[in-house]
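*Asks:* Okay, here's the structure, questions in a sec.
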């Protein structure tokens, strides 16, 4: 199943579905890269609330997405990692090093707002 | 610790002592084999029964006189009624020693007696002292009784010694098992103590860790903490480990993993109150806390958490109001 990408103001919100294949994840990466470019977004929230399994490929792809978005001049926050998923990831040594995380969509948007608060005036 | 209070249980509910099932037929047989207690010993003992009947009462009277001359044993027998009852029980036991048929019922009876003595807090040394006194008294009585046959007296005495050793073994086991049960119960009580997760301010959780943290408790702690982070929408968690006496590498790693898992959920964890010993253990074990924020004490931890959350705490008065 493909992830849906919503545009909200200067941010993009990608909702990852419960059943994502590796190909879906790679496609998400491409679409996000294109989306950030097209909309001149300053931040991306990747919401993984619905994911109940996070394998090493998914984690690597997420980290890749975050790094790529950074190279494009925007920031990425991964939100909605569930408690058991979080602990399973840590036990496997998949800690999403260098990637911002937040509890849920709301907090993720707050993080982005806080980091770009100073620029808000330029957009209005 | 149980106080040596002789007024406690007059009559002990034996079924609650939990000793009834602790000895089996095979176990008893093994014990007897180990002591080389055989049928000839039984025969020897039965043979001296008539002598035992004669000397039992006087030995017991002497023995209690001896007991009562010591302060620490006298307190158990201050009530004359108790003394009377105990002496009767003792006499019964002495006579039982030379009646043969040392079966499972006999062994259970010894366990029961041992458990009762443990319950009232009679010290082991007094218990052993009784056996010592008894053996010495009987030895001299036997020598007198078999004056012309010292060999016979000697072999009867040895049989008695074996039986006594069997009894001592059983009685001491009840002492040990009672102690072990106490230790086990205390350990369980400690382990069952839940680790509280306390919301301190909006977005801040305080987790005071206390006592022994083993793997099981650490796992429960992780589940609890991560669920609390989600439910309270916590952004900062302060874990205070001042009350933790020791950590092993497994538990330390578990804490590290919990911290990282919390980070994946968007929460920052601050560890406060690492004691010098734990700090040393962690360094010795090579546990990397590089990515974990640690502070000296809880106060600093809360201050730092407030800073992260953007709280500013200020006094409303120059000086705190005087207590009334």
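Residue numbers (our numbering), protein chains in the order written: chain A, 10 to 133; chain B, -13 to 310. Beta carbons are placed, not taken as given, at the ideal position from N, Cα and C, and that holds for glycine.
1. Out of A:104, A:15 and A:75, which one is the CA nearest neighbour of residue 63 of chain A?
2. Using 8 Å for Cβ pairs, my map puts residue 30 of chain B next to residue 139 of chain B. What's the rounded Cβ distance?
3. Can you tell me whether residue 104 of chain A is helix, strand or coil according to DSSP?
4. Given this structure, state the Cα-to-Cα distance separating residue 18 of chain A from residue 87 of chain A, to the nearest angstrom.
5. Count the other CB atoms within 10 Å of the CB of residue 153 of chain B; is the residue buried (16 or more) or exposed (fewer)?
6. Is there at least one non-hydrogen atom of the ligand ADP closer than 6 Å to the beta-carbon of residue 73 of chain A?
7. Counting only C-beta atoms, is residue -5 of chain B closer than 7 Å to chain A at any point?
8. Chain A beta carbons: is any one of them nearer than 7 Å to that of residue 149 of chain B?
9. Who are the neighbours of residue 112 of chain A on chain B, taking C-beta pairs under 9 Å?
10. Tell me whether the stretch 77 to 95 of chain A and the stretch 114 to 126 of chain A touch, counting them as touching only if at least three CB pairs, one residue from each stretch, are closer than 8 Å.
11. In this structure, does DSSP put residue 90 of chain A in helix, strand or coil?
12. Between residue 247 of chain B and chain A, is any beta-carbon pair separated by less than 7 Å?
13. In whole angstroms, what separates the C-alpha of residue 116 of chain B from that of residue 123 of chain B?
14. Name the residue from B:131, B:147, B:207 and B:166 whose alpha carbon lies nearest to the alpha carbon of residue 183 of chain B.
15. Checking the sheet assignment: what are the DSSP bridge partners for residue 225 of chain B?
16. Examine the Cβ distances between the stretch 143 to 151 of chain B and the stretch 64 to 81 of chain B and report whether three or more of them are shorter than 8 Å.
17. Would you kindly report the start and end of the unbroken beta strand (DSSP E) that includes residue 29 of chain A?
18. Residue 66 of chain A bridges to which residues according to DSSP?
19. Alpha carbon to alpha carbon, what distance is there between residue 281 of chain B and residue 58 of chain B?
20. Are there 16 or more other CB atoms within 10 angstroms of the CB of residue 244 of chain B, so buried, or fewer, so exposed?
21. Determine, using beta carbons only, whether residue 104 of chain A comes closer than 7 Å to chain B.
22. Just curious, the beta strand (DSSP E) that residue 205 of chain B is in, first and last residue?
23. Please report whether the beta-carbon of residue -2 of chain B lies at a distance below 7 Å from any beta-carbon of chain A.
24. Between residue 62 of chain B and residue 56 of chain B, what straight-line distance do the alpha-carbon atoms span, to the nearest angstrom?
25. Looking at residue 256 of chain B and residue 279 of chain B, is the spacing between their C-beta atoms short of 7 Å?
26. Taking the beta strand (DSSP E) that residue 13 of chain A falls in, what are its first and last residues?
27. Quick one: is residue 11 of chain A buried, meaning 16 or more other Cβ sit within 10 Å of its Cβ, or exposed?
28. Helix, strand or coil: which one does DSSP assign to residue 57 of chain B?
29. Can you name the residues of chain B whose CB is closer than 9 Å to the CB of residue 116 of chain A?
30. What did DSSP end up calling residue 20 of chain A once you bin it into helix, strand or coil?
31. I need the boundaries of the alpha helix (DSSP H) containing residue 116 of chain B, first residue and last residue.
32. Any beta carbon from chain B within less than 7 Å of residue 99 of chain A's own beta carbon?
33. When the Cβ atoms of the stretch 219 to 238 of chain B are set against those of the stretch 186 to 198 of chain B, are three or more pairs found closer than 8 Å?
*Replies:* According to the structure shown:
1. Considering only alpha carbons, the answer is A:104.
2. Not quite, the Cβ-Cβ distance comes to about 10 Å (not below 8 Å), so this is no contact.
3. coil
4. 18 Å
5. Counting Cβ neighbours within 10 Å, residue 153 of chain B comes out buried, since at least 16 surround it.
6. Among the ligands in the structure shown, none appear at all, so the ligand ADP cannot be discussed.
7. At residue -5 of chain B, the pLDDT of 41 sits below 50, so the modelled position is not reliable and the matter cannot be decided from this model.
8. Output row for residue 149 of chain B: interface = no.
9. 215, 216, 219, 220, 221, 251, 252 and 253
10. yes
11. Residue 90 of chain A: coil per DSSP, three-state reduction.
12. Interface criterion met: the Cβ of residue 247 of chain B is under 7 Å from a Cβ in chain A.
13. 11 Å
14. For residue 183 of chain B, the closest C-alpha among the options B:131, B:147, B:207 and B:166 is that of B:207.
15. Beta-bridge analysis with DSSP links residue 225 of chain B to B:193 and B:257.
16. Taking a contact to require three or more Cβ pairs closer than 8 Å, the stretch 143 to 151 of chain B and the stretch 64 to 81 of chain B do not qualify as touching.
17. Per DSSP, residue 29 of chain A lies in no beta strand (DSSP E) and is assigned neither H nor E.
18. Listed as beta-bridge partners of residue 66 of chain A by DSSP are no residues whatsoever.
19. 52 Å
20. buried
21. yes
22. Element bounds for residue 205 of chain B: not the beta strand (DSSP E) but the alpha helix (DSSP H), 201 to 218.
23. For residue -2 of chain B, the predicted structure reports a pLDDT of 42, less than 50, and the residue's modelled location is therefore unreliable. A value from the coordinates is still provided. No, its Cβ sits nowhere closer than 7 Å to a Cβ of chain A.
24. 11 Å
25. yes
26. Per DSSP, the unbroken beta strand (DSSP E) holding residue 13 of chain A starts and ends at 13 to 17.
27. exposed
28. helix
29. Here the neighbours are 219, 221 and 252.
30. strand
31. 110 to 131
32. yes
33. Three or more Cβ pairs drawn from the stretch 219 to 238 of chain B and the stretch 186 to 198 of chain B lie within less than 8 Å of each other, which places the two stretches in contact.
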